[in-house]
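Enquirer: The structure's right below; bear with me while I get my questions together.
Structural data, given as structure tokens:
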């Protein structure tokens, strides 16, 4: 695959020239009938890309990175917007488009089903290696570090990045709409999709021949403010932290139920700048100002090698042997194995203690 000349996200994206065709895998958490998702798909295909969707058969918002696979071979209820009926297989193509697939599982599970079932069985020429994974655009923005573990939009993307696939999560500010209700090009779903395509093209055009779209283990979180046309808002480099909100549990005395709210004033913990460029504005602040935020994350959750991290490890010096050499990569040799050097199955089990 060959990409065009270098462009940056700070240029006028509406003027970006078309990139060479890429193989793009798509997902989301709003369901495979999402108007945003289908418009994004349509416009990416019109731009000349080879595109496949594998997304939840029903809305699976707020699932985070949960990889939950169905235990039923067939749907027990109709799929989203009755696109597929009850009794249909739990995984399958849209009746009207063989490049759009659904699965009865969480967004992250859909990513894995795409990579390990749909692509190898039905699109073998992809070699299970899309050039890019994109998620969304979500109905509603996903701002700040708190959503990194809460939203399925990012969960699906993180799953792709964990499998060495460059991933970009897109979230927009428009309300939910079924794809069948998108009847013209002058609507928020199409505008959000158009903006998202421009950003994808910028990343592809900024990638040299033979390079990956993103470095290994890197992903991108894009948030789009409310749009009133297809005009491209300003695009701002941002960070996840900074003016970000985090949740509180709000109890309703009448219903005896909880719902979430935001901490006021904003919590210091969620906005602590530990990694990255602390001079960048937070994505929450950027989107509230009417611009598109582009934040970069990595798969590596480890704290940086700084004094704070060392002070935390120092608290267990009595257990680890202390000093900079305690348990270092050059001294730690132990590995728990069973007979014949096989790792015990219990160490390979998932959250529910079920071997994966």
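Residue numbers (mature numbering (1 follows the signal peptide of the UniProt record, and there is no 0)): -21 to -1, 1 to 335. Even glycine gets a Cβ: it sits at the ideal position worked out from N, Cα and C.
Below 8 Å, how does it come out for the segment 144 to 159 and the segment 197 to 215: are there three or more Cβ pairs, yes or no?
Expert: yes
Enquirer: Output yes or no for whether 8 Å exceeds the beta carbon distance between residue 209 and residue 170.
Expert: As a position in the chain shown, residue 209 is number 230, starting the count at 1. As a position in the chain shown, residue 170 is number 191, starting the count at 1. Result yes, Cβ atoms of residue 209 and residue 170 sit closer than 8 Å.
Enquirer: Count Cβ pairs between the segment 61 to 77 and the segment 124 to 131 that sit closer than 8 Å; are there 3 or more?
Expert: Output reads no: the segment 124 to 131 does not touch the segment 61 to 77.
Enquirer: Could you tell me if residue 342 is buried or exposed, where buried requires 16 or more neighbouring beta carbons within 10 angstroms of its beta carbon?
Expert: This structure cannot settle anything about residue 342, because the visible part of the chain is limited to -21 through 335.
Enquirer: State the Cα-Cα distance for the pair residue 223 and residue 40, rounded to the nearest angstrom.
Expert: What you label residue 223 is simply residue 244 of the chain shown in a count that begins at 1. What you label residue 40 is simply residue 61 of the chain shown in a count that begins at 1. One C-alpha to the other measures close to 20 Å.
Enquirer: Tell me, to the nearest whole angstrom, how far the beta carbon of residue 120 is from that of residue 150; I am working on the premise that it is less than 8 Å.
Expert: Mapped onto the chain shown, residue 120 falls at position 141. Mapped onto the chain shown, residue 150 falls at position 171. Between residue 150 and residue 120 the Cβ distance is about 5 Å, and since that is below 8 Å, they are a contact.
Enquirer: Give the DSSP bridge partners of residue -1, in chain order.
Expert: Residue -1 sits at position 21 when you count from the first residue of the chain shown. None; residue -1 has no bridge partner.
Enquirer: Going along the chain, which residues of its own chain have a beta-carbon closer than 7 Å to the beta-carbon of residue 332, five neighbours each way excluded?
Expert: Taking the chain shown and counting its residues from 1, the one referred to as residue 332 is at position 353. At residue 332, the pLDDT of 48 sits below 50, so the modelled position is not reliable; the number obtained from the coordinates is stated separately. Sequence-distant partners of residue 332 (beyond 5 residues in either direction) whose C-beta falls short of 7 Å from its own C-beta are missing from its chain.
Enquirer: Sorted by chain position, which residues of the same chain lie with C-beta nearer than 6 Å to residue -7's C-beta, five sequence neighbours on each side aside?
Expert: The count along the chain shown starts at 1 and reaches residue -7 at position 15. The pLDDT assigned to residue -7 is 37, lower than 50, so where the model puts this residue is not dependable; a value taken from the coordinates is nonetheless given after this. So the list is empty, once near-sequence residues are dropped.
Enquirer: How is residue -9 classed by DSSP in three states: helix, strand or coil?
Expert: Here residue -9 refers to the residue found at position 13 of the chain shown. Low confidence applies here, because residue -9 scores a pLDDT of 38, under 50, leaving its location unreliable; read the following figure in that light. Correct three-state label for residue -9: helix.
Enquirer: Touch check for the segment 235 to 252 and the segment 266 to 284: three-plus C-beta pairs under 8 Å?
Expert: no
Enquirer: On a CA-only basis, which of 139, 53, 261 and 228 is nearest residue 6? Give me that one, please.
Expert: Here residue 6 refers to the residue found at position 27 of the chain shown. Answer by Cα proximity: 139.
Enquirer: Can you tell me whether DSSP reads residue 29 as helix, strand or coil?
Expert: The residue you call residue 29 lines up with position 50 of the chain shown. Here DSSP, grouped into helix, strand and coil, assigns residue 29 to strand.
Enquirer: Scan the segment 98 to 124 and note each continuous beta strand (DSSP E) run of 3 residues or more that stays entirely inside, going in chain order.
Expert: 111 to 118
Enquirer: How far does the beta strand (DSSP E) with residue 148 in it extend, from its first residue to its last?
Expert: Against the chain shown, residue 148 aligns to sequence position 169. Per DSSP, residue 148 belongs to the beta strand (DSSP E) from 146 to 151.
Enquirer: With DSSP run on the structure shown, which of helix, strand or coil describes residue 14?
Expert: The residue you call residue 14 lines up with position 35 of the chain shown. Three-state DSSP puts residue 14 in a helix.
Enquirer: According to DSSP, simplified to helix, strand and coil, what is residue 186?
Expert: Here residue 186 refers to the residue found at position 207 of the chain shown. If DSSP states are grouped into helix, strand and coil, residue 186 belongs with coil.
Enquirer: Using CA coordinates, which residue listed in 204, 203 and 179 is at the minimum distance from residue 192?
Expert: Counted from its first residue, the chain shown places residue 192 at position 213. Of the listed residues, the one whose Cα sits closest to residue 192 is 179.
Enquirer: Helix, strand or coil for residue 62? Go by DSSP, reduced to three states.
Expert: Working through the chain shown from its first residue, we reach residue 62 at position 83. Residue state, collapsed to three classes: coil.
Enquirer: Can you grab the Cα-Cα spacing for the pair residue 212 / residue 102, in whole Å?
Expert: Counting from 1 along the chain shown, the entry for residue 212 is found at position 233. Counting from 1 along the chain shown, the entry for residue 102 is found at position 123. Each residue's Cα considered, the two are about 36 Å apart.
Enquirer: Tell whether a beta-carbon distance below 8 Å holds between residue 261 and residue 290.
Expert: The count along the chain shown starts at 1 and reaches residue 261 at position 282. The count along the chain shown starts at 1 and reaches residue 290 at position 311. No.
Enquirer: Within 10 Å of its beta-carbon, does residue -14 have 16 or more other beta-carbons around it, so buried, or fewer, so exposed?
Expert: Reading the chain shown from its first residue, position 8 is the one you call residue -14. Note that residue -14 scores a pLDDT of 39, beneath 50, so its modelled location is shaky; the value from the coordinates is reported in the next line. Label assigned to residue -14: exposed.
Enquirer: Looking at chain D, is there any beta carbon in it that lies within less than 8 Å of the beta carbon of residue 279?
Expert: Of the chains in the structure shown, none is chain D; there is only one protein chain.
Enquirer: Would you mind working out which of 108, 247, 77 and 141 sits nearest residue 280, comparing C-alpha positions?
Expert: Your numbering for residue 280 matches position 301 in the chain shown. The candidate whose alpha carbon is nearest that of residue 280 is 141.
Enquirer: Look at the Cβ atom of residue 116, then the Cβ atom of residue 82, and state whether they are nearer than 8 Å.
Expert: On the chain shown, position 137 is the one that residue 116 refers to. On the chain shown, position 103 is the one that residue 82 refers to. No, the pair does not count as a contact, with Cβ atoms beyond the cut-off.
Enquirer: For a quick check, are the C-beta atoms of residue 105 and residue 21 less than 8 Å apart?
Expert: As a working mapping, residue 105 is identified with position 126 in the chain shown. As a working mapping, residue 21 is identified with position 42 in the chain shown. Going by beta carbons, residue 105 and residue 21 fall outside the 8 Å limit.
Enquirer: With DSSP collapsed to three states, give me the class of residue 277.
Expert: Stepping through the chain shown from its first residue, residue 277 is reached at position 298. If DSSP states are grouped into helix, strand and coil, residue 277 belongs with the strands.
Enquirer: Hey, quick one: how far does the beta strand (DSSP E) through residue 72 stretch, first residue to last?
Expert: To locate residue 72, count along the chain shown from 1; it is residue 93. DSSP places residue 72 in the uninterrupted beta strand (DSSP E) bounded by 70 to 73.
Enquirer: Identify every run of the beta strand (DSSP E) within the segment 225 to 254, keeping only runs that are complete inside it and at least 3 residues long; order them along the chain.
Expert: 226 to 231 and 236 to 241
Enquirer: At the level of alpha carbons, what is the spacing between residue 32 and residue 257?
Expert: Here residue 32 corresponds to residue number 53 of the chain shown, with the count starting at 1. Here residue 257 corresponds to residue number 278 of the chain shown, with the count starting at 1. Using only the alpha carbons, I get a separation of about 36 Å.
Enquirer: Look at the alpha carbon of residue -9 and the alpha carbon of residue 186, and state the distance between them as a whole number of angstroms.
Expert: Here residue -9 refers to the residue found at position 13 when the chain shown is read from its first residue. Here residue 186 refers to the residue found at position 207 when the chain shown is read from its first residue. At residue -9, the pLDDT of 38 sits below 50, so the modelled position is not reliable and the matter cannot be decided from this model.
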